[in-house]
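In mature numbering (1 follows the signal peptide of the UniProt record, and there is no 0), the protein residues as written are -22 to -1, 1 to 68.
Backbone N, C-alpha and C fix where the C-beta goes; we use that ideal spot for every residue, glycine too.
Have a look at the structure below before the remarks.
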Amino acid sequence: MELAALCRWGLLLALLPPGAASTQVCTGTDMKLRLPASPETHLDMLRHLYQGCQVVQGNLELTYLPTNASLSFLQVRPVGNPARPCLQLG
């Protein structure tokens, strides 16, 4: 990598807030309110996607969960737009 590119990366890293380099960012989902492909494994899939994740880039959609579902694996912190809860009945 050439020196100019290294300097740009160094400047970018210097501008990041403290702790940002160690923040785990995950990709959100775009299911809207569609049923999951496999309702039986839906919670396991969410756990796999978001375990240890602190920032979600996009939507964090927690839909069609069993009433006794534990979301203790979530460690997401708010960083931008507020959450918009949605409840679909019927």
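Excluding five sequence neighbours on each side, which residues of the same chain lie with their C-beta closer than 8 Å to the C-beta of Met23?
Pro14 and Ser16, listed in sequence order.
Would you tell me roughly how many angstroms separate the C-alpha atoms of Asn46 and Leu52, rounded to the nearest one?
Between Asn46 and Leu52, the alpha-carbon positions lie close to 15 Å from each other.
Can you check which of these residues, Met9, Gly58 and Thr41, is closest to Val34 by C-alpha distance?
Minimum Cα distance to Val34 is reached at Gly58.
Between which two residues does the alpha helix (DSSP H) carrying Lys22 extend?
At residue 22 the sequence reads Asp, which differs from the Lys that was named. Looking at the DSSP string, the run of the alpha helix (DSSP H) that includes Asp22 is His20 to Tyr28.
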